[in-house]
Amino acid sequence: MYLTFTARELRLILGWREGGAFFPDEDRVLRKLRRALDDSTVLSLSRLQIQIVHGWAEEALSGPYGGGEVTNPDEAGVLHKLRDALGYND
């Protein structure tokens, strides 16, 4: 699937995994994100890879007391795009 993220959104997503990847699949996603940012190209991810990024978002944006998401407009936009791609916003 092709996702259109701005450079700012790509940097935001990369920031969720500043510590690096824990699994090879995550490493592949990080490389694709960096390539899309460096080359200013449209990002192409599989459904599994989108789910990985969505998991990062949920982890990074979960409230401090385990309830709901705490987002700013940029983060909310990224979440919306991810959920659209996964069919969660239907």
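My numbering puts the sequence shown at residues 5 to 94. Beta carbons are placed, not taken as given, at the ideal position from N, Cα and C, and that holds for glycine. Model, not experiment: these values are computed from the prediction.
Which first and last residues belong to the alpha helix (DSSP H) in which Glu62 is found?
-> Residue numbering aside, residue 62 sits at position 58 when the sequence shown is read from its first letter. It spans Arg51 to Leu65 - the alpha helix (DSSP H) in which Glu62 sits, taken as one unbroken run.
Touch test, the segment 38-51 against the segment 75-86, Cβ-Cβ under 8 Å, three pairs minimum = no
Give the straight-line distance between the Cα atoms of Val33 and Leu49, rounded to the nearest whole angstrom.
-> Sequence index remark: in the sequence shown, residue 33 carries index 29 (1-based). Sequence index remark: in the sequence shown, residue 49 carries index 45 (1-based). Taking the straight line joining both Cα atoms gives about 8 Å.
With Val82 as the anchor, note down where its alpha helix (DSSP H) starts and where it stops.
-> On the sequence shown, residue 82 is found 78 positions in, with the first residue counted as 1. First-last of the alpha helix (DSSP H) with Val82: Pro77 to Leu90.
Hey, quick one: how far does the alpha helix (DSSP H) through Ala40 stretch, first residue to last?
-> Walking along the sequence shown from the start, residue 40 turns up at place 36. Pro28 to Asp43 is the extent of the alpha helix (DSSP H) around Ala40.
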